[in-house]
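See structure below.
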């Protein structure tokens with residue numbers, strides 16, 4: 025199930041980034057926002073700076089390439105390493121890209137990367153994940169990219185990295201040196217939000233929730249007042265997941281929101297009151313959150329059987345739950361199933377609960393989880409930066425070579441493939457606030473301030489979904505999902521919120537061997553405290569045990585890493 | 023050993039299965055060496071650094087280790103005992119039944135569950151024991167508060183053992199029924215002439231008649247003391263009952279395959295195998311002594 029939800033979120037993230045890919049262009053029509061971005065676009069288009077300069081003499085780079093899952097096929101005669109996309113990029117940069125090896129995207133590609141690291145035979149450049157990146161660093165196999173990035177990185181690429189407040193690059197920097205060009209994922213996937221059935225809320229006559237107490241009141245009303253009106257006491261207040269917290273990108277039924285409201289940040293590394301690094305699951309604030317959840321469980325506000333459920337979404341899909349914690353993309357999954365069973369459902373999204381100061385506080389997810397790395401000693405590391413510049417500009421619809429872009433678009437329609445899949449690297453750079461951007465553009469379009477023609481293809485699709493939903497609410501669940509996720513998710517996430525980033529997202533050497541045990545201890549303790557099979561005092565024992573079993577050592581390692589940067 | 027010419031083709035026929043046995047059961051044993059290494063898949067078995075007994079020491083430090091060893095032995099022993107007594111009792115009852123037709127039917131029905139998979143049964147039992155399941159509803163009639171059986175460390179081992187027995191007793195009873203059939207009817211006749219009641223006959227003829235079978239099964243079961251049935255527990259447990267139901271096999275599965283701690287998982291598994299091996303030797307010695315059971 026978790027796998028399904030996870031891949032679901034990935035697909036959605038891709039969809040949203042795709043939807044929003046036109047955002048920078050559209051924002052040009054928006055006078056308020058256009059100054060800085062307009063400039064950068066112009067500069068990028070001028071082609072005079074080093075970032076887009078074409079090599080005089082052809083340069084060859086070897087890469088490890090991920091074979092994409094595509095619906096369509098390349099045109100006859102085109103191959104993975106010689107097609108309209110590669111030819112265009114080569115024409116643009118005069119860089120000949122050689123696929124040293126190819127492997128199917130996903131597990132096969134990961135294995136191939138592992139194998140190439142193991143045999144110390146990596147291509148000039150490839151995309152790796154966090155742990156592979158660390159392995160490569162440890163074995164001193166990577167080229168320092170600090171200088172070439174400074175010199176050759178395009179304005180657009182730098183803007184995107186800057187939109188993360190330097191977090192993305194920091195993630196790829198060690199000892200002050202940049203060893204990889206990371207991706208930038210959208211940050212909307214991190215916060216745990218609250219979905220509530222408005223029709224139930226109206227029935228029990230309660231206002232929208234703000235605090236944890238409001239949530240408790242609603243949960244109690246949902247349990248006791250038969251909101252589904254079937255005459256049986258079969259509704260539950262709040263479903264849960266046996267993982268309790270997710271820490272990074274949120275999933276269905278995580279209680280991260282409750283913990284965050286108490287300023288506890290489980291599964292994240294945060295600065296404690298004394299300024300030292302501390303593991304977010306062992307701070308005293310967790311105890312408050314756990315005590316509250318245990319009380320809710322005892323009072324029957326939380327699904328009694330949540331820890332035993334094989335599928336965490338069971339109660340939601342069966343419309344036994346009218347409120348749950350989840351990500352903004354829940355309208356894609358699992359809500360359509362719930363809507364099929366009960367079309368009257370009117371799901372609304374809230375950023376709740378707020379903390380004691382009335383602010384919505386949330387932990388965030390790593391902005392980046394993949395890294396474009398360059399082999400140590402490679403002759404032209406700047407070629408990799410130039411490739412990234414070129415395909416990012418194309419992907420973000422800022423490529424000034426209109427004839428070529430049109431040709432690509434035609435090819436795309438004719439062959440039913442996404443040109444993006446044939447870039448040399450599967451490394452998508454998008455503004456980390458992509459959902460907000462697409463929300464901004466689409467709400468303007470909805471009001472008629474931007475005409476449909478000004479939107480790009482994907483944005484038009486979103487626009488059509490919103491219009492379809494407006495005319496015929498809930499008739500087409502695909503349109504409903506897209507409209508609800510973007511409009512509600514965008515609106516809620518546009519509100520100011522207090523964002524807390526983990527100080528470190530990777531694995532330390534000690535974590536490799538001891539983390540599983542600590543993680544199990546944490547999960548077991550939290551679960552048992554919530555269901556009442558252990559008293560709240562067990563939390564203190566957990567903290568002691570956690571420290572003794574390697575937690576202290578790991579904290580030190582993280583402290584060193586956090587201070588080292 | 024001299025191979026007679028006319029037996030040669032039999033030995034040739036064994037070859038494929040022997041090859042499979044060596045390939046899939048003997049060769050992988052050498053992989054256990056990673057229990058003594060800090061195994062890194064990218065470096066392989068030969069390239070990974072040697073750490074000696076580090077993983078075993080770490081294992082001893084883990085609070086989980088004692089628990090999982092205890093759980094494994096506790097659950098396995100309970101199952102062994104229950105799986106000896108219940109089928110025997112059932113077989114005795116069947117043996118006294120004189121209506122052939124009923125006997126055959128009952129026997130067929132009780133042995134059906136043996137062929138069902140735990141994946142399926144776990145779901146069924148989950149429903150039966152859930153808050154609004156049959157069991158809770160039944161006790162609810164008498165005003166009892168519903169119990170979350172699957173989340174209770176007190177109830178869960180009992181559920182594990184009873185469901186396991188329920189699934190297997192019909193099948194296990196076949197052996198006893200066969201043993202009963204092997205008892206010389208003349209003994210019953212003689213006992214009957216001497217005026218022994220049915221119950222007396224059971225006590226003095228039937229039971230002594232199957233004594234060696236019982237002893238044999240009991241001693242052979244010793245080899246299973248470290249096996250508490252991964253299939254069943256993996257499908258039925260949840261984090262709330264790790265304390266009472268997490269066994270070596272499930273632990274190895276989670277550490278090795280989910281957390282990628284290959285070496286630690288192998289160390290735990292290896293320890294289990296070594297203990298099991300010793301127990302099998304002991305049980306074989308006992309079986310050959312008391313039940314005259316010989317392989318060689």
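Protein chains in written order, with my numbering: chain Z, 25 to 589; chain Y, 23 to 318.
Glycine residues also receive a C-beta, built at the ideal position from the N, C-alpha and C atoms.
Only counting the same chain, and skipping five residues up and downstream in sequence, which positions put a Cβ closer than 6 Å to that of residue i?
{"i": "residue 213 of chain Y", "result": "223, 227"}
{"i": "residue 525 of chain Z", "result": "388"}
{"i": "residue 577 of chain Z", "result": "534"}
{"i": "residue 408 of chain Z", "result": "149, 398"}
{"i": "residue 258 of chain Y", "result": "144"}
{"i": "residue 199 of chain Y", "result": "113"}
Within 10 angstroms of its Cβ, does residue i collect 16 or more other Cβ (buried), or is it exposed?
{"i": "residue 496 of chain Z", "result": "exposed"}
{"i": "residue 277 of chain Z", "result": "buried"}
{"i": "residue 179 of chain Y", "result": "buried"}
{"i": "residue 475 of chain Z", "result": "exposed"}
{"i": "residue 254 of chain Z", "result": "exposed"}
{"i": "residue 45 of chain Y", "result": "exposed"}
{"i": "residue 213 of chain Z", "result": "buried"}
{"i": "residue 111 of chain Y", "result": "exposed"}
{"i": "residue 261 of chain Z", "result": "buried"}
{"i": "residue 449 of chain Z", "result": "buried"}
{"i": "residue 363 of chain Z", "result": "buried"}
{"i": "residue 51 of chain Y", "result": "exposed"}
{"i": "residue 119 of chain Z", "result": "buried"}
{"i": "residue 281 of chain Z", "result": "buried"}
{"i": "residue 251 of chain Z", "result": "buried"}
{"i": "residue 219 of chain Y", "result": "exposed"}
{"i": "residue 410 of chain Z", "result": "buried"}
{"i": "residue 192 of chain Z", "result": "buried"}
{"i": "residue 303 of chain Y", "result": "exposed"}
So for residue i, helix, strand or coil by DSSP?
{"i": "residue 201 of chain Z", "result": "strand"}
{"i": "residue 366 of chain Z", "result": "coil"}
{"i": "residue 120 of chain Y", "result": "coil"}
{"i": "residue 335 of chain Z", "result": "coil"}
{"i": "residue 65 of chain Z", "result": "Confidence is the limiting factor: at residue 65 of chain Z the pLDDT is only 40, short of 50, which leaves the residue's position unreliable, though a coordinate-based value still follows. Helix."}
{"i": "residue 206 of chain Z", "result": "strand"}
{"i": "residue 514 of chain Z", "result": "helix"}
{"i": "residue 153 of chain Z", "result": "strand"}
{"i": "residue 394 of chain Z", "result": "strand"}
{"i": "residue 128 of chain Z", "result": "strand"}
{"i": "residue 53 of chain Y", "result": "helix"}
{"i": "residue 245 of chain Y", "result": "helix"}
{"i": "residue 221 of chain Z", "result": "strand"}
{"i": "residue 352 of chain Z", "result": "coil"}
{"i": "residue 175 of chain Y", "result": "coil"}
{"i": "residue 85 of chain Z", "result": "strand"}
{"i": "residue 12 of chain Z", "result": "No information on residue 12 of chain Z is available, as it lies outside the stretch 25 to 589 that chain Z covers here."}
{"i": "residue 587 of chain Z", "result": "helix"}
{"i": "residue 72 of chain Z", "result": "Here the model assigns residue 72 of chain Z a pLDDT of 49, short of 50, so the residue's position is not dependable and the matter cannot be decided."}
{"i": "residue 387 of chain Z", "result": "strand"}
{"i": "residue 205 of chain Y", "result": "coil"}
Can you give me the Cβ contacts of residue i inside the same chain, cut-off strictly under 7 Å, excluding the 5 residues immediately before and after it?
{"i": "residue 303 of chain Z", "result": "293, 575, 579"}
Output, in chain order, the set of chain Z residues within a Cβ distance shorter than 7 Å of residue i.
{"i": "residue 277 of chain Y", "result": "540"}
{"i": "residue 283 of chain Y", "result": "537, 540"}
Whose Cβ in chain Y lies nearer than 9 Å to the Cβ of residue i?
{"i": "residue 332 of chain Z", "result": "148, 152, 170, 172, 173, 260, 262"}
{"i": "residue 406 of chain Z", "result": "Those within 9 Å of residue 406 of chain Z in chain Y number zero; the least Cβ separation is about 29 Å."}
{"i": "residue 266 of chain Z", "result": "260, 261, 262"}
Anything in chain Y within Cβ reach of residue i, meaning under 7 Å, just list it in chain order.
{"i": "residue 548 of chain Z", "result": "261, 264"}
{"i": "residue 194 of chain Z", "result": "Within 7 Å Cβ-Cβ: nothing; residue 194 of chain Z doesn't reach chain Y, min ~26 Å."}
{"i": "residue 328 of chain Z", "result": "153, 170"}
What in chain Z is Cβ-close to residue i, meaning under 9 Å?
{"i": "residue 85 of chain Y", "result": "541, 545, 569, 573"}
Under 8 Å Cβ-Cβ, which residues of chain Y neighbour residue i?
{"i": "residue 335 of chain Z", "result": "Ordered by position in chain Y, no residue passes the 8 Å Cβ test against residue 335 of chain Z, which lies about 11 Å from the chain."}
Near residue i, which residues of its chain fall below 8 Å by C-beta distance, leaving aside the five closest residues on each side in sequence?
{"i": "residue 53 of chain Y", "result": "67, 288"}
{"i": "residue 31 of chain Z", "result": "A caution first: residue 31 of chain Z carries a pLDDT of 40, below 50, which makes its placement in the model unreliable, though a value can still be read off. Nothing listed; no residue qualifies."}
How would you list, in chain order, the residues of chain Z whose beta-carbon sits under 8 Å from the beta-carbon of residue i?
{"i": "residue 242 of chain Y", "result": "Within chain Z, no residue comes near residue 242 of chain Y; the closest Cβ sits about 35 Å away, beyond 8 Å."}
Closer than 9 Å, Cβ to Cβ, to anything on chain Y: give me those residues from the segment 552–563 of chain Z, in chain order.
-> For the segment 552–563 of chain Z, which is checked against every Cβ of chain Y, the residues closer than 9 Å are 552, 555, 557.
Short-range partners of chain Y found in the segment 377–388 of chain Z, where Cβ spacing is below 9 Å = Hits within the stretch: zero.
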